[in-house]
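Protein chains in written order, with this note's numbering: chain A, 1240 to 1443; chain B, 1240 to 1443.
There are 2 protein chains.
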Amino acid sequence: MTAPSFRRQGILFVISAPSGTGKSTLCGNLRATPDFIYSVSCTTRSPRPGETDGADYHFLSTEQFESRIKAGEMLEYAKVHQNYYGTLLAPVKKALEEGTDVLLDIDVQGASAIRSCSDALIRSSLVDVFIMPPTIDELERRLRKRGTESEEQIRMRLDRGREEMRNWRLYRYTILSGSMEEDLTKFRAIMRAERYLSSRLTLV
Amino acid sequence: MTAPSFRRQGILFVISAPSGTGKSTLCGNLRATPDFIYSVSCTTRSPRPGETDGADYHFLSTEQFESRIKAGEMLEYAKVHQNYYGTLLAPVKKALEEGTDVLLDIDVQGASAIRSCSDALIRSSLVDVFIMPPTIDELERRLRKRGTESEEQIRMRLDRGREEMRNWRLYRYTILSGSMEEDLTKFRAIMRAERYLSSRLTLV
């Protein structure tokens, strides 16, 4: 008898968290892991200092973004703080079909759009994770520390953070945010465990 | 606003694997983890060299075991190789109600009995994991190396192993057994991840 081995389709990991939770740093650390691909989102917002086109985001004009929406090329998109954010469908589907896991860093609206996506492969591959900030006060402290936004922008992000925190139950997993290392260990445990779900495996 | 915190009920982790997969060593290593309790099974089989009553098993006479079955005190039990194996219901339920996780090392029949248990708390707490041996040949090699069983007993265990391996799909998770360290890391990832499932959490 030869050794049993398993094959499986890719998993679509979706991570959401209010601004200031440390999600960008978390995703940056996760991207160093070789066994999945990170899906780079498209946006019409301006690059922040240090952000690179094609690595942090695909930075598009509003016109470019809207033409992609019309062509049905977006897996999900949303308008937030007057800017579009979205994910292209084709590269995500291709990776999942090849058995590669994908990590998507998107907001509560985007995650909701994916849950109700008409594509069966996308829905069956979805594993969504919400990072719950320790407190709103801590979230505010972190946003101010970042020092890249106006007072009005900070207020908007905090209001939105409060709203997003009400949606944790919609996510398959919820991680109560601790230190960066703790969050990373917890997220990696979820990634590993999901790969051992019998329902994902086919004996070959 | 105070920090959000979560409470949850305990999880009943069930681990099954054919004899010789290294499950006993795995469970021994897991028992060193402080954050759950290991449920000691009852059996009517004779202790093997080095096994301690109350730690490895509760060793009972056939008469004692059958009186516990009649009193409805067993969560699950089965007769295997002419011996009874089983788990007492009361200590498992008590732990789960207190929010403590429980680890049960039981066979395919026992796991099946728990899946169809009439107790809703037991069923909703269940997370079952199957350890798939690398090959039947490797299983045989390990059983012979142990050197504690007769040729006939080894044949019985191998036949049963083949039968058990057909049931991996009934388990929520399947781990393809590698080194002891790999199996341990994989099982711990499952234990962690299951604790972050939103459906298990209540915001307090």
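No residue lacks a Cβ here, since even glycine has one placed at the ideal position from N, Cα and C.
Since the structure is predicted, the reported quantities are computational estimates derived from the model, not experimental observations.
Query: Is it the case that the Cβ atoms of Leu-1440(B) and Val-1341(B) are separated by a distance below 7 Å?; Result: no
Query: Determine which residues of the region 1412-1432 of chain B have a Cβ less than 7 Å from any Cβ of chain A, and write them out in chain order.; Result: Tyr-1412, Thr-1413, Ile-1414, Leu-1415, Lys-1425, Ala-1428, Ile-1429, Arg-1431 and Ala-1432
Query: The region 1276-1304 of chain B: which residues have C-beta closer than 7 Å to a C-beta of chain A, in chain order?; Result: none
Query: In the region 1257-1306 of chain A, which residue ranges form an unbroken beta strand (DSSP E) of at least 3 residues, counting only runs that do not cross its ends?; Result: 1275-1277
Query: Considering Ala-1310(B), what are the terminal residues of the alpha helix (DSSP H) in which it resides?; Result: Counting along the chain, Ala-1310(B) falls outside any alpha helix (DSSP H), and DSSP gives it neither H nor E.
Query: Go ahead and pull the three-state DSSP assignment for Arg-1411(A).; Result: coil
Query: Buried or exposed, going by whether 16 or more other CB atoms sit within 10 Å of the CB of Met-1240(A)?; Result: No answer about Met-1240(A) holds up, because its pLDDT of 46 lies below 50 and its placement is not dependable.
Query: Once the 5 residues before and after Ala-1334(B) are set aside, which same chain residues still bring their CB inside 6 Å of it?; Result: Gly-1249, Ile-1276 and Val-1341
Query: Identify the residues that DSSP records as bridge partners of Phe-1252(B): which are they?; Result: Leu-1342(B) and Val-1366(B)
Query: Rounded to whole angstroms, what is the Cα-Cα separation between Thr-1424(A) and Arg-1385(B)?; Result: 36 Å
Query: When you compare only the Cα positions, how much space is there between Ala-1359(A) and Tyr-1316(B)?; Result: 41 Å
Query: Where do the ends of the alpha helix (DSSP H) carrying Gly-1400(B) lie?; Result: 1390-1404
Query: Bridge partners of Ala-1317(B), per DSSP?; Result: Tyr-1324(B)
Query: Using DSSP with H/G/I as helix, E/B as strand and the rest coil, what is Arg-1434(B)?; Result: helix
Query: Would you decide whether Met-1404(A) is buried or exposed? Buried here means 16 or more other CB atoms lie within 10 Å of its CB.; Result: buried
Query: So which residues of chain A does Ser-1437(B) contact, with C-beta pairs closer than 7 Å?; Result: Trp-1407, Arg-1408, Tyr-1410, Arg-1411, Tyr-1412 and Thr-1413
Query: In terms of alpha-carbon separation, which member of Asn-1406(B), Ile-1414(B) and Gly-1338(B) lies closest to Gly-1349(B)?; Result: Asn-1406(B)
Query: From the DSSP output, which residues share a beta bridge with Phe-1245(A)?; Result: Leu-1442(A)
Query: Anything in chain B within Cβ reach of Leu-1440(A), meaning under 7 Å, just list it in chain order.; Result: Thr-1413
Query: How would you write the range of the alpha helix (DSSP H) that Glu-1337(B) sits in, first residue to last?; Result: Careful: Glu-1337(B) lies outside any alpha helix (DSSP H) and carries neither H nor E.
Query: Please work out which residues of its chain come closer than 6 Å, Cβ to Cβ, to Tyr-1296(B), disregarding the five sequence neighbours upstream and downstream, and give them in chain order.; Result: Ser-1280 and Thr-1282
Query: So if DSSP puts Met-1371(B) in a beta bridge, which residue, or which two residues, is it bridged to?; Result: Leu-1415(B)
Query: Ser-1258(B): which of Leu-1327(B), Met-1395(B), Leu-1365(B) and Gln-1321(B) sits nearest, CA to CA?; Result: Met-1395(B)
Query: Touch check for the region 1300-1311 of chain B and the region 1260-1273 of chain B: three-plus C-beta pairs under 8 Å?; Result: no
Query: Does Asp-1422(B) come out as helix, strand or coil in the three-state DSSP assignment?; Result: helix
Query: Compare the beta carbon distance of Arg-1411(B) and Val-1366(B) with 7 Å and say whether it is the shorter of the two.; Result: yes
Query: Does the Cβ of Asp-1292(A) have 16 or more other Cβ atoms within 10 Å, making it buried, or fewer, making it exposed?; Result: exposed
Query: Looking at the secondary structure, which residues open and close the alpha helix (DSSP H) in which Gly-1349(B) lies?; Result: 1347-1354
Query: Which one of Ser-1357(B), Ile-1361(B), Gly-1325(B) and Ile-1353(B) has the shortest CA to CA distance from Gly-1339(B)?; Result: In the sequence as presented, Gly is not what sits at residue 1339(B); that position holds Thr. The option with the nearest alpha carbon to Thr-1339(B) is Ile-1361(B).
Query: Do Met-1371(B) and Thr-1413(B) have their beta-carbon atoms positioned less than 7 Å apart in this structure?; Result: yes
Query: Closest to Asp-1274(A) by C-alpha separation, out of Leu-1436(A), Leu-1442(A) and Arg-1431(A), would be which residue?; Result: Arg-1431(A)
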